[in-house]
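This report refers to the structure that appears directly beneath it.
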């Protein structure tokens, strides 16, 4: 089963497809240049993901999968949260990390929300990976906050983990999505 994944980020696409390996689901990138759709202003990641799925479905007129992710730094009230991409584009990762540099234990979580929409059925799936931020970047197998985020139970940043270790962190939400698709949906694309 092939599904349209509305991302132009090759890293997100590869990671999702690694997590879906063996499920019979393959995510495909858009075959056209995908315009950014305006994001609603909401602190609720599910609302943002659902809104994007509805807008992309209206634009592309086929079933879509959308994934919204963000870094939520708890001592900063969850900032940047759903605004992570924007904050990284404007401030950059170094200035974002500087905001948490003087916090003794900067607890954070990375959250992903996947939304499927086919014009009738709308379904979301979310997962959190909790951990802490380190003060200096480490690792080469990642970008942005991957170089600063250490997941609970790990002693390495995400960027220091192998592809397989990274996939293990994100796989549960994609596996939940795949199980639901197999149970509830017909063949698409």
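In my numbering, the protein residues as written are 476 to 664.
For each residue, glycine too, the CB sits at the ideal point set by N, CA and C.
What residues in its chain sit with their C-beta under 8 Å from that of residue i, if we drop five residues either side in the sequence?
| i | result |
| --- | --- |
| residue 658 | none |
| residue 664 | Note that residue 664 scores 43 on pLDDT, short of 50, meaning its location in the model is unreliable; the coordinates nonetheless yield the value given after this. These residues qualify, in order along the chain: 476, 477, 478, 479, 503, 537, 538. |
Confirm, please, whether the CB-CB distance from residue j to residue i is below 8 Å.
| i | j | result |
| --- | --- | --- |
| residue 607 | residue 625 | yes |
| residue 615 | residue 634 | yes |
| residue 648 | residue 589 | yes |
| residue 587 | residue 544 | yes |
Pull up the DSSP beta-bridge partners for residue i, would you.
| i | result |
| --- | --- |
| residue 591 | 540, 598 |
| residue 632 | 625 |
| residue 603 | 586 |
Identify the continuous beta strand (DSSP E) that holds residue i and give its terminal residues.
| i | result |
| --- | --- |
| residue 531 | Segment 520-535 is the alpha helix (DSSP H) holding residue 531; no beta strand (DSSP E) there. |
| residue 502 | 501-503 |
| residue 556 | 554-556 |
My assumption, with CB atoms under 8 Å, is that residue i sits in contact with residue j. Please give the rounded CB distance.
| i | j | result |
| --- | --- | --- |
| residue 509 | residue 620 | That pair is no contact at about 24 Å. |
With respect to the alpha helix (DSSP H) encompassing residue i, which residues constitute its N-terminal and C-terminal limits?
| i | result |
| --- | --- |
| residue 490 | 485-494 |
| residue 477 | Taken as a continuous stretch (DSSP letters only), residue 477 belongs to no alpha helix (DSSP H), being part of the beta strand (DSSP E) at 477-480. |
| residue 651 | 638-659 |
| residue 561 | 559-565 |
Taking 8 Å as the threshold (beta carbon to beta carbon), is residue i in contact with chain C?
| i | result |
| --- | --- |
| residue 556 | No chain C appears in this structure, which consists of one protein chain only. |
Excluding five sequence neighbours on each side, which residues of the same chain lie with their C-beta closer than 7 Å to the C-beta of residue i?
| i | result |
| --- | --- |
| residue 572 | 608, 623 |
By Cβ distance, which residues of its chain are closer than 6 Å to residue i, with the 5 residues on each side in sequence left out?
| i | result |
| --- | --- |
| residue 600 | 589, 648, 651, 652 |
| residue 485 | none |
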